[in-house]
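Residue numbers (my numbering): 2 to 264.
Even glycine gets a Cβ: it sits at the ideal position worked out from N, Cα and C.
Treat the numbers as computed from the prediction; the structure is a model and nothing was measured.
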Amino acid sequence: MNTIKTILVPFDFTEAAINALDYSMTFIGFENNVAIKALYVSPNPFTALDIKESEASFNRILKQLNKKTKNRPELVLVQGKLTDVILYQREFMAADIIFMGTMGDQSADDHVTNTSKLVLEAECPILTVPYNAEMVLPKEIALVLGSEEIERPSVLNLLLDIARSFNAKVHVLTIYKENILEEKAIVEGNEETLEYYLEHFYAEHNFEKNQDVEKGILDFIAEKEIDLLAIIPRNHAHKTSPSEGRLTKLLTLHATVPVLTLD
Numbered sequence: 002m003n004t005i006k007t008i009l010v011p012f013d014f015t016e017a018a019i020n021a022l023d024y025s026m027t028f029i030g031f032e033n034n035v036a037i038k039a040l041y042v043s044p045n046p047f048t049a050l051d052i053k054e055s056e057a058s059f060n061r062i063l064k065q066l067n068k069k070t071k072n073r074p075e076l077v078l079v080q081g082k083l084t085d086v087i088l089y090q091r092e093f094m095a096a097d098i099i100f101m102g103t104m105g106d107q108s109a110d111d112h113v114t115n116t117s118k119l120v121l122e123a124e125c126p127i128l129t130v131p132y133n134a135e136m137v138l139p140k141e142i143a144l145v146l147g148s149e150e151i152e153r154p155s156v157l158n159l160l161l162d163i164a165r166s167f168n169a170k171v172h173v174l175t176i177y178k179e180n181i182l183e184e185k186a187i188v189e190g191n192e193e194t195l196e197y198y199l200e201h202f203y204a205e206h207n208f209e210k211n212q213d214v215e216k217g218i219l220d221f222i223a224e225k226e227i228d229l230l231a232i233i234p235r236n237h238a239h240k241t242s243p244s245e246g247r248l249t250k251l252l253t254l255h256a257t258v259p260v261l262t263l264d
């Protein structure tokens, strides 16, 4: 695993956060020299007792998870506003990716808001881990593309690294609506980019007609038994009009598999 050296896991001791920590440890395994930083953010200052109790709880959780990694996950406590602190610490720690646990649409409103805000604001890869996701390594990956050209093909380097690490197939999916011809949904430049960046791990490009894009993606996940869903958010697009990130937000809430945003 060449592109991931440090993983940041927002950690508040909830089931969703513990699940994300568990997945991150499963993901990197024992052989990879990757650091995991579990970041606990509080709006209030931490007392000496808070620090002692938090570290004790974290140690108990690691013991219960019983996962072996080359580097023991480290708990980091910081006071401040959640999203601001996560974004700052991501840069300060030089973390390559954020693993964040979600409870799906069962979450409290503030949790949904924090997750969505982070996914849309962060200009780095984020892997959201649904609470009900199975702890399996990605062997079948779906990459969702629109009908726009991939602006920054270099974001696919991470996907290639993951596919190579787990010998996974990458199934590309483009959903187009009823009033659009399939030929119009094909972007020739994207095919060359996919073949170049994803090498032989690029399995196929599927074009599906569906008025409900989210449903089309979720159906594809079930049909192909996808383990990991990858998307390239367009809310930071420069060459074309940026989107509001609605689809990204919906998928991070409703997908039953981990969702990787490539940014």
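Using a threshold of 9 Å, state whether the C-beta atoms of residue i and residue j are closer than that.
{"i": "proline 74", "j": "valine 42", "result": "no"}
{"i": "glycine 102", "j": "threonine 27", "result": "no"}
{"i": "lysine 71", "j": "valine 120", "result": "no"}
{"i": "alanine 169", "j": "isoleucine 127", "result": "no"}
{"i": "serine 148", "j": "valine 188", "result": "yes"}
{"i": "leucine 83", "j": "asparagine 115", "result": "yes"}
{"i": "isoleucine 151", "j": "cysteine 125", "result": "no"}
{"i": "alanine 123", "j": "leucine 88", "result": "yes"}
Applying the 10 Å Cβ sphere with the 16-neighbour rule, what's the burial state of residue i?
{"i": "arginine 153", "result": "exposed"}
{"i": "phenylalanine 100", "result": "buried"}
{"i": "threonine 129", "result": "buried"}
{"i": "threonine 262", "result": "buried"}
{"i": "glycine 217", "result": "buried"}
{"i": "aspartate 213", "result": "exposed"}
{"i": "tyrosine 197", "result": "exposed"}
{"i": "lysine 38", "result": "buried"}
{"i": "phenylalanine 167", "result": "buried"}
{"i": "proline 234", "result": "buried"}
{"i": "isoleucine 52", "result": "exposed"}
{"i": "proline 131", "result": "buried"}
Who does residue i pair with in a DSSP beta bridge?
{"i": "histidine 172", "result": "Ala143, Glu205"}
{"i": "isoleucine 127", "result": "Ile99, Thr262"}
{"i": "valine 265", "result": "The question about residue 265 has no answer, for the chain in this structure spans 2 to 264."}
{"i": "leucine 230", "result": "Ala143, Val260"}
{"i": "lysine 210", "result": "Tyr177"}
{"i": "valine 10", "result": "Ala39"}
Taking the alpha-carbon positions, what's the residue i to residue j distance?
{"i": "leucine 40", "j": "valine 260", "result": "20 Å"}
{"i": "leucine 9", "j": "alanine 96", "result": "6 Å"}
{"i": "isoleucine 29", "j": "leucine 248", "result": "28 Å"}
{"i": "isoleucine 265", "j": "isoleucine 62", "result": "As displayed, the chain neither begins before 2 nor continues past 264, which places residue 265 out of reach and without an answer."}
{"i": "lysine 68", "j": "lysine 178", "result": "44 Å"}
{"i": "lysine 140", "j": "leucine 50", "result": "44 Å"}
{"i": "glutamate 193", "j": "asparagine 133", "result": "36 Å"}
{"i": "phenylalanine 47", "j": "serine 58", "result": "15 Å"}
{"i": "glutamate 54", "j": "alanine 204", "result": "48 Å"}
{"i": "aspartate 220", "j": "glutamate 135", "result": "18 Å"}
{"i": "glutamine 90", "j": "glutamate 224", "result": "38 Å"}
{"i": "valine 171", "j": "phenylalanine 202", "result": "6 Å"}
{"i": "leucine 230", "j": "glutamate 215", "result": "12 Å"}
{"i": "asparagine 211", "j": "phenylalanine 31", "result": "42 Å"}
{"i": "histidine 206", "j": "valine 86", "result": "38 Å"}
{"i": "threonine 253", "j": "aspartate 23", "result": "18 Å"}
{"i": "leucine 195", "j": "glutamate 56", "result": "44 Å"}
{"i": "glutamine 65", "j": "asparagine 33", "result": "21 Å"}
Mind reading off the beta-carbon distance from residue i to residue j? Whole number of angstroms is fine, and I expect it under 8 Å.
{"i": "glutamate 264", "j": "asparagine 3", "result": "Before going further, note that residue 264 is aspartate rather than glutamate in the sequence given. 19 Å between Cβ atoms; not a contact."}
{"i": "leucine 318", "j": "leucine 251", "result": "Residue 318 is absent from the structure shown; the chain starts at 2 and stops at 264."}
{"i": "valine 145", "j": "isoleucine 232", "result": "5 Å"}
{"i": "alanine 21", "j": "methionine 104", "result": "The pair is not a contact, with the Cβ atoms about 11 Å apart (cut-off 8 Å)."}
Taking 9 Å as the threshold (beta carbon to beta carbon), is residue i in contact with chain D?
{"i": "tyrosine 203", "result": "Here chain D cannot be found, since the structure has a single protein chain."}
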